[in-house]
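Here's the structure we're looking at; comments come further down.
Protein chains: 4
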Amino acid sequence: MTLKALFLNCTLKSPGETSNTRAYIKNAEKIFHELGVQTEVLRMSAYNIKYGNSSDEGENDEWPRIVKKIYDADILIIATPIWRGDRSSISKLIAERMDGIWEDTNEDNGQYFTYNKVAGVMVDGNEDGAKKSIANILFDLNEQGFTIPVNAFTYYVGKAGPGKSYIDAKGDKHEFTNNYILIMVHNLVQMAKTLKENPYGTDLNKLKLQAKEMSK
Amino acid sequence: MTLKALFLNCTLKSPGETSNTRAYIKNAEKIFHELGVQTEVLRMSAYNIKYGNSSDEGENDEWPRIVKKIYDADILIIATPIWRGDRSSISKLIAERMDGIWEDTNEDNGQYFTYNKVAGVMVDGNEDGAKKSIANILFDLNEQGFTIPVNAFTYYVGKAGPGKSYIDAKGDKHEFTNNYILIMVHNLVQMAKTLKENPYGTDLNKLKLQAKEMSK
Amino acid sequence: MTLKALFLNCTLKSPGETSNTRAYIKNAEKIFHELGVQTEVLRMSAYNIKYGNSSDEGENDEWPRIVKKIYDADILIIATPIWRGDRSSISKLIAERMDGIWEDTNEDNGQYFTYNKVAGVMVDGNEDGAKKSIANILFDLNEQGFTIPVNAFTYYVGKAGPGKSYIDAKGDKHEFTNNYILIMVHNLVQMAKTLKENPYGTDLNKLKLQAKEMSK
Amino acid sequence: MTLKALFLNCTLKSPGETSNTRAYIKNAEKIFHELGVQTEVLRMSAYNIKYGNSSDEGENDEWPRIVKKIYDADILIIATPIWRGDRSSISKLIAERMDGIWEDTNEDNGQYFTYNKVAGVMVDGNEDGAKKSIANILFDLNEQGFTIPVNAFTYYVGKAGPGKSYIDAKGDKHEFTNNYILIMVHNLVQMAKTLKENPYGTDLNKLKLQAKEMSK
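Take a look at the structure:
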């Protein structure tokens, strides 16, 4: 069983431009490779992702290509820079499009296609905003079908005010951040394996009927 | 193996006063009982919980009694009313005191005592603020050692503005909310069982050394 | 002195599609007109607004057209639908681009071109997320140079779960929401007038030097 | 006209203990004094403030003493340390109790007693969480009757992870933070003066009736 980890890089930078978030992801990839996990990184700004809340917003929409990648992944990691103390607008856009998961559920038990996948979050910025970004993203991921193993995040930020970002600040040598990268990756891998062998048995169709009954 | 679920009710109401959050919890308890899980509910306002960030803030501090209960539980549920569009101040206080978990880690692998427990969130209010509260609490729980199974939350809110709370609004008959209670409880129970048999093997002591090495 | 109020409608809906946020704005416009204030509404999704943090992101970027409109306005209102319990991705994108204000400051006193304008927020959704959206937007506006008069926001949301949005829910007849529209508009107008006659005298260039001195 | 600025220090530290937030406030006080404004600092942990949402929660509740101080102040500043990436629990408690303002409104125009006061926010922490805290507090203050002048906040945070707090980190020499202290204080003072001479004329009683009419 070879696990696959997919990173969605939500940098505002165009393809070709240097992305601090990309450099940060590289350090997580190394740990995944040490554990025998395949990785793939997609820069969201390289795709034409339309605004909306479905998995396919029609002509020229490239989100369906990302959805296919999520299908194939065991582990999803949302990686975002901080802008204005919160996740990037692209990161929010991705979250909105992920609502499309509810279009595609298992007929037998109603589970969304994400239901036995795990997810984590990486956030980097020159300053303040990491924990807010993480909280917002974890909530979205959890509602959208992912299991969140313990300590499933890592972040880098500098001091208050304008300052160096991850690469120039040598974030790759910041011990606190590295420690959380390690913990996040190890726990994601373990939980992904555990879920492969112990998938949720929850029958959402049945619980829906039970809810209707309870609410009479 | 009988599982135990512990609810921390973060209502601002004094013991003896009617708590909407307590009524809401009752409906989750029923589902746990159907699944053979024991439940216990503690109203935080009944305890003298001092301000601070350790597990014991000295004289007259009753938080240590709560810590013992968390030790014994397999499943922790933070239940909070909404005030000012966010979790209650007591709920935030609890989160601050939970930082004490880092005082008590396993010598062999550095895991905090919460490391193989699961957690969920219940939020009720007369209006707006549920998702913000949930995001904040999930982040705290995840950093403090808990695994968050899929869809590990449920909430009830009414329309914008002053209005009826859970009991008077007959929140117990709100199908959407009941559906999420059911899903949350089922997933918490399944993941608690899964973790009993598949605890995290992550060695935090070793990863700490590895982080130090990476950061040179 | 005729005041101008500019609304930025951050709906995800394409031009031509029905926008609940647009219907909501209409009710605020009426009150502005009663008070003799001109209004203009721009739907952000109608423009090609590139990702970034400057006022001009180059070829085909249409944000500079919006910036000109903000220059000419006395009152700015960010109006956003709720998606995933938070403001829309377009609303976040706008906030990121607004960081461009720091490129264009008054030589004499260092004030940004927004410094004597006032701002408010309108949020609508079928459910939960209004106060979180408002808090996030107010913070951005305040850092980006706007004064926030008392009660400078209004919102509409329905009960927990899927449900009708503003138009179908007859949000235009929701008294709580209408009351806040009225208060917001009246206070925005009064403060805009007050600032016309009492602009900030704060000399940001001088305070910058004083800060340098304090920090030695 | 001598203006009065009131700081509510929301540190978790007991009276007598060193509070980083208190040290930070001192630097803002100096600027106020330069501008001829009187200052007073109250440490919230020194008072027995009961949980609740009214201005007086009965026996032994000391919040009414704070309310009197707010009455007498022209400028209110909420100063809070960061815990868990958000404002302190005491800061949230204060916000909840401030809801009591709605008990005491002007008969003639329905304005709350805070309606012509201005407010600002100071946040300090060893790491991440300032902007989230500020956004949350600004929202509360704005709903509770305060005008927020431009740039009405200042914050200090260090790099990601455990680290030195304001005093040990020499936050008093951090130029970015000092610059914002200066701007905040200058703008608060100017707007407080402006409002003394140009109070809001908004008649909330009348708007309430108009809202009722609009909603038929």
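Chains as they are written, first to last, in the working numbering: chain A, 1 to 216; chain B, 1001 to 1216; chain C, 2001 to 2216; chain D, 3001 to 3216. Positions of the beta carbon are idealized from the N, C-alpha and C atoms, including for glycine.
Under the DSSP assignment, residue 2141 (chain C) falls in the alpha helix (DSSP H) whose first and last residues are 2130-2143.
Beta-bridge analysis with DSSP links residue 3030 (chain D) to no other residue. At a cut-off of 4 residues, the continuous stretches assigned as alpha helix (DSSP H) that sit fully inside the segment 3053-3079 of chain D are 3063-3072. The residues 1074, 1075, 1076, 1146, 1147, 1148, 1149, 1152, 1188, 1191, 1192 and 1195, in chain order, have a CB closer than 8 Å to that of residue 1118 (chain B) in the same chain once the five nearest residues on each side in sequence are set aside.
If you look at residue 3147 (chain D), you'll find it isn't in any beta strand (DSSP E); DSSP assigns it neither H nor E. Burial is judged here by how many other beta carbons sit within 10 angstroms of a residue's own beta carbon; residue 2083 (chain C) has at least 16 and is buried. Segment contact: the segment 3084-3101 of chain D against the segment 3026-3033 of chain D, fewer than three CB-CB distances shorter than 8 Å; contact not assigned. Distance from the CA atom of residue 2005 (chain C) to the CA atom of residue 2175 (chain C), rounded to whole angstroms, is 23 Å. Looking at the backbone, the Cα of residue 2103 (chain C) and that of residue 2112 (chain C) are separated by about 8 Å. Taking CB atoms only, residue 3150 (chain D) has no neighbour in chain A less than 8 Å away. The shortest C-alpha to C-alpha distance from residue 2048 (chain C) to any of C:2143, C:2208 and C:2057 is the one to C:2057.
DSSP places residue 4 (chain A) in the strand class (E or B) of the three-state scheme. For residue 1111 (chain B), no beta strand (DSSP E) run applies, since DSSP gives it neither H nor E. Straight-line spacing of the CA atoms in residue 1200 (chain B) and residue 1116 (chain B) works out to 7 Å. Put simply, the CB of residue 44 (chain A) is far from chain B, with every gap to its CB atoms at 8 Å or more. Not one beta carbon of chain D lies nearer than 8 Å to the beta carbon of residue 79 (chain A).
DSSP places residue 3156 (chain D) in no alpha helix (DSSP H) but in the uninterrupted beta strand (DSSP E) bounded by 3153-3156. If you look at residue 2042 (chain C), you'll find it in the beta strand (DSSP E) that goes 2038-2043.
Under the three-state reduction of DSSP, residue 2163 (chain C) is assigned to coil, being neither helix nor strand.
Measuring C-alpha to C-alpha distances from residue 70 (chain A) to each of A:20, A:41, A:163 and A:81 identifies A:41 as the nearest. In this structure residue 1133 (chain B) is in contact with residue 1080 (chain B), their Cβ atoms being roughly 6 Å apart against a cut-off of 8 Å. DSSP, read as helix, strand or coil, puts residue 2082 (chain C) in strand. Contact of residue 86 (chain A) with chain C by beta-carbon distance below 8 Å involves 2092 and 2136. Each residue's CA atom was taken as its position, placing residue 3181 (chain D) and residue 2212 (chain C) some 12 Å apart. Legend: CB atoms of the segment 3037-3062 of chain D lying less than 8 Å from CB atoms of chain B belong to residues 3045, 3051, 3052 and 3053.
Three or more Cβ pairs closer than 8 Å define a contact, and the segment 2121-2140 of chain C meets that threshold against the segment 1155-1169 of chain B. Counting only residues of its own chain and dropping the five nearest sequence neighbours on each side, residue 3030 (chain D) has no CB closer than 8 Å to any other CB. Separation of residue 18 (chain A) and residue 2171 (chain C) (C-alpha to C-alpha, rounded to the nearest whole angstrom) is 46 Å. Between residue 110 (chain A) and residue 208 (chain A), the C-beta spacing is below 8 Å. Close to residue 1001 (chain B), with beta-carbon spacing below 7 Å, lies no residue of chain A; the smallest spacing is near 15 Å. Of the candidates D:3008, D:3165, D:3123 and D:3214, D:3214 places its Cα closest to the Cα of residue 2173 (chain C). The C-beta of residue 2024 (chain C) comes no closer than 8 Å to any C-beta of chain B.
For the 8 Å CB-CB criterion, residue 3020 (chain D) and residue 3165 (chain D) form a contact.
Taking 8 Å as the Cβ-Cβ cut-off, the segment 2147-2173 of chain C approaches chain B at 2155, 2156, 2157, 2158, 2159, 2160, 2161 and 2162, given in chain order. Looking at the DSSP output, residue 3016 (chain D) sits in no beta bridge, so it has no partner there. In this model, residue 62 (chain A) and residue 50 (chain A) are separated by some 8 Å (Cα to Cα).
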